[in-house]
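Report on the structure given below.
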Amino acid sequence: MAHFVPCHKSDDTSHVADFFFKEVVRMHGIPMSLLSDRDPKFLSYFWKTLWAKLGTKLLFSTACHPQTDGQTEMVNCTLSALLRAAVNKNFKSWDTCLALAEFSYNRSIHSSTRETPFEVVYGFDPITPLDLAPLPANSRVFR
1 MAHFVPCHKS DDTSHVADFF FKEVVRMHGI PMSLLSDRDP KFLSYFWKTL
51 WAKLGTKLLF STACHPQTDG QTEMVNCTLS ALLRAAVNKN FKSWDTCLAL
101 AEFSYNRSIH SSTRETPFEV VYGFDPITPL DLAPLPANSR VFR
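Each residue of the sequence shown is one higher than the one before, starting from 1 at the first, in the UniProt record's numbering.
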């Protein structure tokens, strides 16, 4: 399951840890392992000490070779496409579209699992507003 959080390059390690706990740990608990790139924030003493104390194994992608973290690269590519479709021409509003992009991503069937991330985590897909809309009485049901 993906979680999209607006961040700034100026956010320090403490802010990144706050984001992670507020958006990921509160929903899924402490991870057993965590894969990230080699950003200085993730290589810092604070970050390494925090996760060591929590029993989480830190894994890092190969320097200057982000393809080693292919899953994240695929999510980033999909997120870019979702945001391009959502923001239209107002590129400064991308952060207001993150919640919708996250919902759409987590409701999409993934080829590796043949299920949506919602199904994998919760065992069912969430109801959407379209699911609540009644079908016209004369509509055909195709099977």
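From the three backbone atoms N, C-alpha and C, an ideal C-beta is built for every residue, glycine too.
Less than 8 Å between the CB atoms is what I'm expecting for residue i and residue j, so what's the real figure, rounded?
i, j, result
"S80", "K57", "Between K57 and S80 the Cβ distance is about 29 Å, and since that is not below 8 Å, they are no contact."
"M1", "P117", "4 Å"
"F19", "S36", "F19 to S36, Cβ: 13 Å. No contact."
Roughly how many whole angstroms lie between the Cα atoms of residue i and residue j?
i, j, result
"E102", "G55", "28 Å"
"L100", "L83", "9 Å"
"H110", "G70", "14 Å"
"S10", "K53", "26 Å"
"I127", "E119", "12 Å"
"S112", "F124", "17 Å"
"S93", "C7", "14 Å"
"S108", "V75", "12 Å"
"E73", "L130", "31 Å"
"F46", "S104", "34 Å"
"Y122", "E115", "11 Å"
"A133", "V24", "32 Å"
"P31", "S44", "19 Å"
"F91", "H28", "31 Å"
Would you decide whether residue i is buried or exposed? Buried here means 16 or more other CB atoms lie within 10 Å of its CB.
i, result
"F4", "buried"
"C77", "exposed"
"N88", "exposed"
"N106", "buried"
Could you spell out where the beta strand (DSSP E) holding residue i opens and where it closes?
i, result
"K57", "K57 to F60"
"S36", "S33 to S36"
Under DSSP, the alpha helix (DSSP H) around residue i begins and ends at which residues?
i, result
"L82", "G70 to V87"
"A101", "L98 to N106"
"L43", "P40 to L43"
"E119", "P117 to Y122"
"L130", "P129 to L132"
"V16", "T13 to F20"
Beta-carbon separation of residue i and residue j under 7 Å?
i, j, result
"C97", "A85", "no"
"K48", "V16", "no"
"R38", "A63", "yes"
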